[in-house]
Every structure is written in structure tokens, then in C-alpha cells.
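Asks: My questions all concern the structure below.
Chains as they are written, first to last, in my numbering: chain A, 201 to 582; chain B, 201 to 582.
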């Protein structure tokens with residue numbers, strides 16, 4: 201299958217590209233290095249300096265014999281994106297090409313404006329490239345569980361039947377996000393749903409939880425194939441940050457009470473989910489929404505698990521509650537459905553002590569490269 | 201009160217500016233003539249060539265002695281908008297500065313992209329100018345009833361309590377619009393709601409139905425103060441188009457069966473509603489949503505009323521069903537609440553035979569200027 205991976209230099213994009221290429225698909229990756237540039241601007245670079253996309257593809261080719269096509273282009277620019285669709289004629293497009301940091305989007309006007317325009321225009325252009333050049337192409341879009349926020353009712357997979365005054369109808373599940381970044385994903389879903397209804401395109405919107413992990417089936421062949429591992433407050437996800445804090449011997453910093461519950465998943469499960477969505481595409485005129493995570497934890501529980509695993513291997517791990525820089529509920533109801541991907545065949549990799557230990561040992565290899573000043577919150581909401 | 205009217209050259213913007221200026225407020229109007237430019241590009245110019253904003257303000261000043269400040273600026277450009285906020289320090293901002301045509305937004309990529317970026321960035325910039333320079337300022341935003349679409353349940357005023365699996369919460373009423381233009385208004389509301397929660401700004405989002413009419417209390421003083429009267433398929437609203445067809449002696453063209461029900465209102469009631477919202481502002485941290493229309497009609501009923509009124513004054517009016525260029529339901533449930541503005545004091549001007557007759561007579565003055573080629577649909581959905 202011809203698979204176009206937009207945002208192919210990202211934490212998920214690059215492992216996705218390798219995954220599909222290793223399994224015999226024709227893969228083209230596209231990126232404009234926005235994340236690398238923003239990480240450099242905000243002193244948020246990854247733990248390990250990753251090779252650029254051309255270098256990554258060369259290394260991957262050297263160890264596997266497989267070829268990944270690389271294009272440096274800006275998906276928020278329609279003419280650049282159209283050109284790639286016309287050249288490659290993808291059967292599936294996997295769209296990760298968004299500014300991915302919630303804290304970045306909350307720094308101020310400029311960062312919020314950049315996030316809004318990059319993300320909306322990238323999604324808008326993907327829709328139009330598909331409509332015009334490959335109307336049968338399956339769009340797999342990475343949304344986020346953060347679109348739903350923390351409602352006081354069970355979170356369904358994308359849709360809800362509402363009964364009201366004796367009548368009923370089916371609607372997109374109500375969404376109310378906690379950052380501008382997450383709000384752009386709400387807007388993305390609205391745009392996709394409009395154009396699905398209008399043009400009958402096929403779209404899978406994967407509402408993903410925070411991802412953790414440094415390894416996939418493809419990363420073992422060469423240490424330079426490692427995913428981008430951000431551990432700072434801006435581009436790092438919470439578990440990755442805790443791992444680095446544990447290794448660096450600084451307290452795991454819990455925002456507020458740590459009662460914030462979210463659904464998490466292993467990077468390997470992201471790849472499984474995307475593969476499942478790819479093999480079982482949405483129908484024409486369908487916006488299929490799947491909640492993509494495997495387990496729910498509170499931030500405090502995550503920290504506790506990292507502490508236990510760290511102490512088991514001789515690290516001295518402590519926890520510290522700090523003022524919450526975000527506006528979010530620290531105690532709330534949270535029960536999100538996530539049956540769809542399991543029914544499609546997902547076999548979860550759960551967050552066991554062994555898994556945490558393995559990640560900690562991997563981070564320990566890079567202990568000297570940890571910049572401790574990156575891990576404390578530098579961005580406050582509002 | 202210092203009132204900033206964004207989109208002050210529009211069908212609603214200019215009458216709004218005159219209304220508030222006539223009543224002793226300090227008014228500044230801002231426009232970049234986007235609508236005029238798009239109308240010229242698409243052969244959709246108004247029935248009467250309206251003076252430009254500076255000319256309008258001069259004429260208004262000559263007949264009333266009142267001064268309306270005019271600024272030609274682009275609200276989708278933050279630095280241009282910021283400058284006006286810093287100069288004028290508005291207490292209320294009335295935000296009409298959006299590309300207002302659903303058919304225009306459906307022509308193709310370029311028009312859709314322009315609509316998306318203009319509308320989202322204008323709203324985004326208004327939010328940020330308020331946050332940074334006048335955090336107490338009341339934002340009155342014109343949304344549209346079209347955000348709700350045509351759900352199979354009663355449409356509430358902006359919010360709905362959802363009970364689900366034994367728990368409940370309050371959410372934005374689900375929205376699912378029928379054009380890209382209307383979808384941008386859905387996205388506007390999402391953005392406003394996010395920043396209301398985050399920064400506690402005060403916002404009223406007026407979900408308005410299609411407006412009709414050529415007169416307000418201020419337009420009588422000089423014929424050049426008339427609102428922009430578009431009657432074409434792109435910038436004209438349905439009733440205005442029917443009036444022109446009746447006067448021109450061509451059939452009133454009903455899209456499909458004409459069972460499309462919407463809530464309509466008189467231009468004079470738009471002014472009343474905006475005035476009421478202005479005098480009774482939203483609280484800090486409140487997104488107040490009001491459904492702004494006075495009566496529900498199907499398109500067929502509207503056409504029938506114009507036929508009757510037209511025949512009464514000697515016009516020969518016929519109806520013609522034509523293929524619907526839009527993707528929309530032609531028969532559907534529709535029951536939209538609209539009690540909020542009535543409770544605040546709105547006294548509706550209803551669509552009586554006399555009102556239609558008066559509008560028809562006004563259009564008859566300009567009969568020779570009607571371009572019959574503009575009234576048939578030129579834009580198809582999908």
C-alpha cells in the first residue's frame with residue numbers, strides 16, 4: 201500500500217514510517233521540521249539529538265534495505281502538499297502534521313496563532329488534496345482524548361445519542377478542551393466531519409491519549425533510529441518526564457494533587473492502532489472515531505509506579521507536588537470507552553514494572569545529557 | 201459607551217454603527233472591504249451601489265451632526281486590530297468581521313480557505329486584543345442559527361444538559377453546519393468558549409437567523425444611508441432575493457421542495473437585539489448564547505407570502521421549484537428556542553403583508569438596476 205505519513209519526523213511519525221516500510225508498504229514521509237525549530241526556540245530539545253529525516257531514512261535503508269521517500273514540505277501550504285499527493289497518489293494518508301505541544305500553544309498570542317493556523321490549515325489542505333486528487337484515499341487523523349476534556353459523564357467513542365424532550369438524534373460527543381492546542385484538534389474534527397458529510401471522503405479520527413516509550417520493533421537495529429524523546433515541560437509527555445526525573449535524581453514533579461486521570465498507551469500500541477485503522481479503513485462518507493489508549497491512570501499513580509520501578513533498580517526516586525501551571529480539574533470523574541480498537545484486534549502492551557524499568561535503563565544510557573532546567577514548568581495557563 | 205463595530209461596512213455593520221451613533225455612543229467602524237471585493241469578483245454586487253465607509257460617515261454626519269470614526273483595516277491581521285484597540289479602548293466590540301456568504305465558501309478550495317482563515321483569525325485576534333488591552337470589554341459576536349444545522353431534537357439556546365448512563369453535565373449544544381461558512385462560525389464559538397473559560401472574558405454569541413429588510417430608523421434621512429442590499433445567489437439572503445425576483449417579473453426560485461425551515465428576523469430587530477446585548481452585557485467568564493430570530497418559516501412559506509403581497513400591489517408573481525444546489529434536508533424537524541432576547545426586552549417586527557409590500561415598493565424604485573442573471577444559483581455544494 202502507498203502510505204503518506206505527514207509529520208513524519210515526529211515522535212510518532214518516524215516510528216510509523218519505519219513500521220509500515222518494514223512491512224513492505226511504499227512509504228513517503230513529509231515534514232517541515234516545525235517541531236525541531238520550536239523545540240530549539242524554546243530550549244526543549246530532545247534528550248538525544250536525532251538525525252534529520254534524510255539521515256534517518258539512510259540509516260534505515262542501510263540496516264533494512266527498505267527505502268522511505270523523504271520530502272521536506274509544509275503541509276499548511278496547499279501547493280506544496282498538492283504536489284506530493286499528485287506525485288505519490290497515496291492510498292492512505294496518516295496525518296500527524298500538527299504543532300503537538302499544549303504548553304507551547306499557551307505561551308502567548310504568537311504561539312497560539314501559529315498553532316491555530318498550522319494545525320487548521322494542515323488539516324484543511326489534507327482534506328482538499330484528498331478531495332481533488334485521491335478521493336478514495338483513507339485519511340487517518342491523529343486527534344486527542346484531550347478533545348473531550350473531563351466531562352462528568354462517560355466518554356463515548358466520538359458519538360453520542362441524545363434524547364431531549366421526547367425526541368432523539370446522534371451527534372459528535374461534546375468536546376471542550378483544556379488548551380489551545382487541544383482546541384485546534386476539536387476544530388480539526390469539526391472540519392473533517394463537515395467535509396465527510398459533503399464529499400463522502402473516508403476518515404478515521406484517532407482520539408489518542410498521552411504516549412510513552414522509546415522502542416518499537418524497528419528501533420533496535422540502530423540506536424540512531426530511536427524516536428524523539430522529549431522530556432521537558434513543553435514537548436515532553438508526563439511519563440517521559442517522570443522517567444528522566446527519576447534517572448536524574450530529581451523529584452518527580454506532580455502538578456497539583458495529581459488526580460488528573462487520562463488514558464495512556466505505549467508507543468508500540470500507537471503503531472498497532474494505526475496499522476489496524478489502515479488495514480480496516482473507514483467507509484466512504486464515514487467519520488470513524490476511535491479512542492486510542494489502553495489504560496487509565498492518574499498523574500499521581502503514574503508517579504508512584506515510576507518511583508517503585510526506579511527504587512527497584514537502585515534509583516532514589518521521590519515525588520513532589522508543585523503548583524499546577526495548567527487550568528484543569530485535579531479531581532474529576534473520568535471514564536472513557538475504548539473498545540473499538542480492541543475489537544479490531546489491538547493487543548495492549550500494558551505499563552508493567554518491567555516496562556518502566558526497561559525505559560528507565562534506556563534513559564540511564566543518556567544520563568549525562570539530561571538538562572535539569574528543562575523539566576520544571578515554564579508555561580502557565582491564563 | 202465606546203463601541204467598536206468590526207465589519208462596519210456590512211449589511212448589518214453599517215446600520216449598527218448608525219444606530220449606536222444616533223443614540224449618543226462613541227462609535228468606531230472598521231472594515232477592509234472584503235465583502236465588496238468578493239462581490240465584485242463574483243458578480244454579486246448589491247442592487248444599489250453604496251457609498252464607501254468614509255462617504256457613508258460623511259453623509260451620516262451631514263444629516264445628523266453625529267460623528268462615526270472610520271478605519272480601513274483587516275481584523276485578520278493582529279497588528280492592525282491591536283492598534284485600533286489601543287487607540288479606541290472599546291467598552292463593547294461588536295464583531296461582524298467575517299466573510300458572510302455560505303455559497304461563496306462552497307465555490308472551491310481558494311474560497312473555502314479564504315473564508316476559514318479570515319473568519320477564524322478575525323475572531324482569534326478579537327479575543328487576544330480584548331485579553332491584552334481591554335479585558336473588561338464585552339464581545340458581542342455574530343454567530344448563526346446555521347451552526348446548529350437541522351437536528352431531530354429541539355434546538356436550545358446554546359447549551360444542553362445531557363444525561364448519560366446515570367450521570368449528567370452541561371455542554372455546548374451540538375453543532376453540525378451545512379456549509380463551510382457556517383462551520384467557521386462553529387469553530388469561532390469553540391474558540392470563544394475556550395478563551396472565556398481560560399481568561400474570564402465576557403462574550404455574547406448571537407446565533408442569528410437570516411435577516412431581511414432595507415430600512416432602519418436611521419436610513420430614512422438620506423437614501424444613500426441604505427443598507428447593502430444583495431439579492432444574488434451568493435451574498436443575497438433568501439427573502440431579499442425573492443423580493444427582487446417578484447419585482448423583476450421572474451419566478452421566485454425555491455430550492456427543491458422548499459421545506460427548509462429557518463428562523464428569520466427583520467434588520468430592525470437585529471439592531472434591537474444587539475442593543476439589548478450591549479445594555480445587558482455578559483458577565484465575566486460567561487459565554488452567553490442567544491438565538492436571534494423572531495419567526496420560523498419554510499422557504500416555501502416565504503415565497504408564498506411574497507407572492508401574495510406582490511399580487512396585492514399588481515405584480516405578477518409566480519413560484520418555481522428548481523434543483524437544490526445545496527446539500528441540505530428539504531423536509532426536517534425544526535423547533536428552535538428563542539426566548540432569551542424576548543425576555544431581555546425584544547419587541548419583534550413580524551413579517552406581515554404590509555412589511556413585505558413596503559419592501560417590494562422600495563425595491564421597485566430600483567427596478568431598472570436589477571441584473572436578472574445574478575439570481576439563479578451558480579454554486580453547487582459538493
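For each residue, glycine too, the CB sits at the ideal point set by N, CA and C.
Apart from the five residues just before and just after residue 588(B), which ones in its own chain have a Cβ nearer than 8 Å to its Cβ?
Replies: Any property of residue 588(B) remains undetermined from this structure, which presents chain B solely from 201 to 582.
Asks: Can you list, in chain order, the residues of the region 392-405 of chain B whose Cβ is nearer than 9 Å to any Cβ on chain A?
Replies: 393, 394, 395, 397, 398, 399, 400
Asks: Report the residues of the region 301-315 of chain B with a CB closer than 7 Å to any CB of chain A, ordered along the chain.
Replies: 309, 313
Asks: Below 8 Å between beta carbons: does that hold for residue 418(A) and residue 219(A)?
Replies: Along the first chain, read from residue 1 onward, the residue named residue 418(A) stands at position 218. Along the first chain, read from residue 1 onward, the residue named residue 219(A) stands at position 19. When the beta-carbon positions are compared, residue 418(A) and residue 219(A) come within less than 8 Å of each other.
Asks: Contact criterion: CB-CB distance below 8 Å. Does residue 376(A) meet it with respect to chain B?
Replies: Locating residue 376(A) in the first chain gives position 176, counting from the first residue. Cβ-Cβ to chain B under 8 Å: yes for residue 376(A).
Asks: So, with DSSP's three-state summary, where would you put residue 205(B)?
Replies: Counted from its first residue, the second chain places residue 205(B) at position 5. If DSSP states are grouped into helix, strand and coil, residue 205(B) belongs with the strands.
Asks: Suppose you measure from the CA of residue 485(A) to the CA of residue 581(B); what does that come to, to the nearest Å?
Replies: Numbered from its first residue, the first chain carries residue 485(A) at position 285. Numbered from its first residue, the second chain carries residue 581(B) at position 381. Straight-line Cα distance between these residues: approximately 15 Å.
Asks: Starting from residue 563(B), trace the alpha helix (DSSP H) in both directions and tell me its first and last residue.
Replies: As a first step, residue 563(B) is located in the second chain; it is residue number 363 there, counting from the start. Element bounds for residue 563(B): 553-564.
Asks: What do you get for residue 573(A), buried or exposed, if any count of 16 or more other CB atoms within 10 angstroms of its CB means buried?
Replies: Position 373 of the first chain, counting from 1, holds the residue named residue 573(A). That one is exposed.
Asks: Rounded C-beta distance between residue 273(A) and residue 309(B)? I'm assuming under 8 Å.
Replies: Taking the first chain and counting its residues from 1, one reaches residue 273(A) at position 73. Taking the second chain and counting its residues from 1, one reaches residue 309(B) at position 109. Not a contact, Cβ separation roughly 17 Å.
Asks: Using the beta-carbon count (16 or more within 10 Å), is residue 213(B) buried or exposed?
Replies: On the second chain, position 13 is the one that residue 213(B) refers to. Burial call: buried.
Asks: Determine, using beta carbons only, whether residue 524(A) and residue 456(A) come nearer to each other than 8 Å.
Replies: As a first step, residue 524(A) is located in the first chain; it is residue number 324 there, counting from the start. As a first step, residue 456(A) is located in the first chain; it is residue number 256 there, counting from the start. Yes, the pair counts as a contact, with Cβ atoms nearer than the cut-off.
Asks: Tell me which residue opens and which closes the alpha helix (DSSP H) that residue 390(A) is part of.
Replies: The residue labelled residue 390(A) in the question sits at position 190 within the first chain. Per DSSP, residue 390(A) belongs to the alpha helix (DSSP H) from 380-399.
Asks: Which residues bound the beta strand (DSSP E) around residue 461(A)?
Replies: Walking along the first chain from the start, residue 461(A) turns up at place 261. First-last of the beta strand (DSSP E) with residue 461(A): 461-466.
Asks: What does residue 273(B) reach in chain A if we use C-beta pairs closer than 7 Å?
Replies: As a first step, residue 273(B) is located in the second chain; it is residue number 73 there, counting from the start. Near residue 273(B) there are no residues of chain A at all, since even the closest Cβ is about 17 Å away, more than 7 Å.
Asks: Give the residues from the region 341-356 of chain A that approach chain B closer than 9 Å (Cβ to any Cβ), ordered along the chain.
Replies: Going along the region 341-356 of chain A in chain order, one finds 351, 352, 353, 354, 356 with a Cβ nearer than 9 Å to chain B.
Asks: Distance, Cα to Cα, residue 499(A) vs residue 543(B)?
Replies: As a first step, residue 499(A) must be located in the first chain, where it is residue number 299. As a first step, residue 543(B) must be located in the second chain, where it is residue number 343. For the pair residue 499(A) and residue 543(B), the Cα-to-Cα distance works out to about 46 Å.
Asks: Check whether the Cβ atoms of residue 253(A) and residue 282(A) sit closer than 8 Å, and answer yes or no.
Replies: The sequence position of residue 253(A) within the first chain is 53, counting from 1. The sequence position of residue 282(A) within the first chain is 82, counting from 1. Note that the C-beta distance between residue 253(A) and residue 282(A) is not below 8 Å.
Asks: So for residue 423(A), helix, strand or coil by DSSP?
Replies: Translated into the one-based positions of the first chain, residue 423(A) becomes position 223. Residue state, collapsed to three classes: helix.
Asks: Output needed in chain order: residues of the region 508-528 of chain A with a Cβ under 7 Å from some Cβ in chain B.
Replies: Cβ contacts with chain B come from 527.
Asks: Buried or exposed: residue 393(A), going by 16 or more other Cβ atoms within 10 Å of its Cβ?
Replies: Within the first chain, residue 393(A) is the residue found at index 193, counting from 1. The residue in question, residue 393(A), is buried, as its Cβ has 16 or more Cβ neighbours within 10 Å.
Asks: Taking 8 Å as the threshold (C-beta atoms), are residue 532(B) and residue 491(B) in contact?
Replies: By one-based count along the second chain, residue 491(B) stands at place 291. By one-based count along the second chain, residue 532(B) stands at place 332. Not a contact, by the Cβ cut-off of 8 Å.
Asks: For a contact defined as C-beta to C-beta under 8 Å, what are the partners of residue 422(A) on chain B?
Replies: As a position in the first chain, residue 422(A) is number 222, starting the count at 1. Here the premise fails: no neighbours, minimum Cβ distance about 41 Å.
Asks: Going by the DSSP bridge assignment, what does residue 521(A) pair with across the sheet?
Replies: Within the first chain, residue 521(A) is the residue found at index 321, counting from 1. According to DSSP, residue 521(A) bridges with 454(A).
Asks: Are there 16 or more other CB atoms within 10 angstroms of the CB of residue 552(B), so buried, or fewer, so exposed?
Replies: On the second chain, position 352 is the one that residue 552(B) refers to. The residue in question, residue 552(B), is exposed, as its Cβ has fewer than 16 Cβ neighbours within 10 Å.
Asks: Output the distance between the C-alpha atoms of residue 341(A) and residue 433(B), rounded to the nearest integer angstrom.
Replies: Counting from 1 along the first chain, the entry for residue 341(A) is found at position 141. Counting from 1 along the second chain, the entry for residue 433(B) is found at position 233. Rounded to the nearest angstrom, the gap between the Cα atoms of residue 341(A) and residue 433(B) is 35 Å.
Asks: Hey, could you find the ends of the alpha helix (DSSP H) residue 581(A) is sitting in?
Replies: Within the first chain, residue 581(A) is the residue found at index 381, counting from 1. First-last for residue 581(A): undefined, no H or E at that position.
Asks: Can you confirm whether the region 439-449 of chain B touches the region 502-510 of chain B when touching is taken to mean that 3 or more C-beta pairs between the two stretches lie within less than 8 Å?
Replies: yes
Asks: Just to make sure I have the definition right: I need the residues of chain B whose C-beta is within less than 9 Å of the C-beta of residue 322(A). Which are they?
Replies: The sequence position of residue 322(A) within the first chain is 122, counting from 1. Correct list: empty, because the minimum Cβ distance to chain B is about 12 Å.
Asks: With 9 Å as the limit, tell me which residues of the region 525-557 of chain B have their beta carbon closer than that to any beta carbon of chain A; keep them in chain order.
Replies: 527, 533, 535
Asks: Might you give, ordered along the chain, the residues of its own chain that have their beta carbon closer than 6 Å to the beta carbon of residue 295(A), omitting 5 neighbours on each side?
Replies: Residue mapping note: residue 295(A) aligns to position 95 of the first chain, counting from 1. Closer than 6 Å at the Cβ level, and outside the excluded window around residue 295(A), lie 206, 326, 341.
Asks: How would you write the range of the beta strand (DSSP E) that residue 361(A) sits in, first residue to last?
Replies: Against the first chain, residue 361(A) aligns to sequence position 161. Start and end: 359-364.
Asks: DSSP beta-bridge partners for residue 498(A)?
Replies: As a working note, residue 498(A) is residue 298 in the first chain. DSSP output for residue 498(A) lists 461(A) as bridge partner(s).
Asks: Check whether the Cβ of residue 365(A) lies closer than 8 Å to any Cβ atom in chain B.
Replies: Within the first chain, numbered from 1, the residue matching residue 365(A) stands at position 165. Judged by the 8 Å Cβ criterion, residue 365(A) is in contact with chain B.
Asks: Secondary structure at residue 537(B), three-state DSSP: helix, strand or coil?
Replies: For this step, residue 537(B) is matched to residue 337 along the second chain. In the structure shown, residue 537(B) sits in coil (DSSP, three-state: anything other than H, G, I, E or B).
Asks: Are residue 467(A) and residue 545(A) close, meaning C-beta to C-beta below 8 Å?
Replies: Reading the first chain from its first residue, position 267 is the one you call residue 467(A). Reading the first chain from its first residue, position 345 is the one you call residue 545(A). Against a cut-off of 8 Å, the Cβ pair of residue 545(A) and residue 467(A) comes out as no contact.
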